Amino acid sequence: MPELPEVEVTRIGISDRLCGQSITDVVVRKSLRWPLGVEGRELRGRTIARVLRRGKYIILELDQGILLLHLGMSGRLFLAASDQPFGPHDHFDLVTSAGVLRLCDPRRFGAVVWSASQGVDPARKLLSHLGPEPLDESFDLKGFQRALKARRCSVKTALLGGEMVVGVGNIYASEALFRALIGPTTPCAAIGLVRSRRLHSAIRDVLQAAIDRGGSTLRDYQDVHGRAGNYQSVAMVYGRAGQTCHRCGGTVAKIVQNNRSTFFCPGCQHV
DNA sequence: AGGGTGACCTGTCGGC
DNA sequence: TGCCGACAGGTCACCC
């Protein structure tokens, strides 16, 4: 589910409620992708200073250390009352003075990982490989063009790789490439200055548009308040194989790249 | 070194 | 109705 827009909408939804609150308990009901890396009791009494995001990770910055949260493919966070019964996939609770931050994740590809310091630990390692933030100034055009030139793979594969830019997943990779009128199988190095500028803009525009619409809900995703996103209803190609292209009237196609579906319009997008 | 593949885990949907 | 395979928003460890 969650690509950058869904994670950002989630972050915004929990930030005000959690900032300044103290942790009273941590409950891990079922293991997630990685171990938490700390005993719950060690986190009791710590205060949540800020709720940040890096790529698809939500970062709870405590008065000491950070908690890294990832939603995997099917995760969602919500705020529960302290006496609210947990469901079969509610695997993690962060109990705070303002209620329970609960992670529901049927497929358990998500994770919550603790980092105590600035040193090298599993959580910091997860963050250390990440490329620039698409909505920040760190995502500059020149750097993006250099990164494209250096890659040997297809542009769609590279967008998912997270080194040229973070936060772009399977939905928004297809959507950004459509906006930029670039075929998904195009080798990175074949993308010149004009097209790379279009793609750079398209990535930012599509992610921001999706945030504004509350993200995309294909199946599981809901925001903190239980609301679905609706970007999928304005998607130009994702999930629209066999349907009419809104731009040229042709037919949207679906191919498989690296075992993942890619949607594009052969009439609008070229290698 | 960089790029492709399998693995992780569960639920849902379509076809037979 | 029931079973089985394909597929789903991510990404890491592993092979060549």
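So in numbering that gives the first Met the number 0, spot 192 of the first sequence is number 191, and the numbers just go up one at a time.
Where a beta carbon is used, it is the ideal one built from N, C-alpha and C, also for glycine.
Quantities reported herein were computed from a predicted structural model and do not represent experimental measurements.
Rounded to whole angstroms, how far is the Cβ of G182 from the Cβ of H245, which I believe are closer than 8 Å? Distance from G182 to H245 at the Cβ level is roughly 18 Å; contact not present, criterion being Cβ atoms closer than 8 Å.
Tell me the DSSP secondary structure of D15 in three-state form. In the three-state scheme derived from DSSP, where H, G and I count as helix and E and B as strand, D15 is classed as helix.
Do you know how far the Cα of W113 is from the Cα of V119? Going by the C-alpha atoms only, they are around 12 Å apart.
Top-ranked residue by Cα proximity to C103, from A115, P84, G64 and L76: Nearest C-alpha to C103: L76.
In chain order, what residues of the same chain have a beta carbon less than 8 Å from the beta carbon of Q20, not counting five sequence neighbours either side? Within the same chain, Cβ atoms closer than 8 Å to the Cβ of Q20 are found at T46, I47, T95, S96 and A97, the five residues on either side in sequence being excluded.
Given a cut-off of 8 Å on the beta-carbon distance, is the pair Y220 and A227 in contact? Cβ distance < 8 Å, so Y220 and A227 count as in contact.
T261 - containing beta strand (DSSP E), residue span: From DSSP, the beta strand (DSSP E) with T261 extends over R259 to F263.
I think S195 touches F143, with their Cβ atoms under 8 Å apart; what is that distance to the nearest whole Å? Indeed, because the Cβ distance is near 6 Å, the residues count as touching under 8 Å.
So, do the region 149-169 and the region 125-133 have three or more beta carbon pairs nearer to each other than 8 Å? With a cut-off of 8 Å, the region 125-133 and the region 149-169 count as touching, because enough Cβ pairs lie within range.
As an exercise, report each continuous alpha helix (DSSP H) stretch of at least 4 residues that is fully enclosed by the region 134-188, in chain order. Segments of the alpha helix (DSSP H) lying fully in the region 134-188: 140-149, 154-160 and 169-179.
Can you tell me whether Q231 is buried or exposed, with buried defined as 16 or more other CB within 10 angstroms of its CB? So Q231 ends up on the buried side.
May I ask which residues mark the beginning and end of the alpha helix (DSSP H) holding E41? In this chain, the alpha helix (DSSP H) harbouring E41 covers G39 to L42.
Closest residue to Q207 among A80, D135 and H69 (Cα-Cα distance): The option with the nearest alpha carbon to Q207 is D135.
Applying the criterion that 16 or more other CB atoms from any shown protein chain within 10 Å of the CB defines a buried residue, is G74 buried or exposed? G74 comes out buried.
Does the distance from the CB of L17 to the CB of V27 come in under 8 Å? Contact flag unset, no.
Just curious, the alpha helix (DSSP H) that K29 is in, first and last residue? Per DSSP, K29 is not a residue of any alpha helix (DSSP H), being assigned neither H nor E.
V167 and I202 - do their beta-carbons sit closer together than 8 Å? Going by C-beta atoms, I202 is nearer than 8 Å to V167.
N-terminal and C-terminal residue of the beta strand (DSSP E) that L70 is part of: Counting along the chain, L70 falls outside any beta strand (DSSP E), and DSSP gives it neither H nor E.
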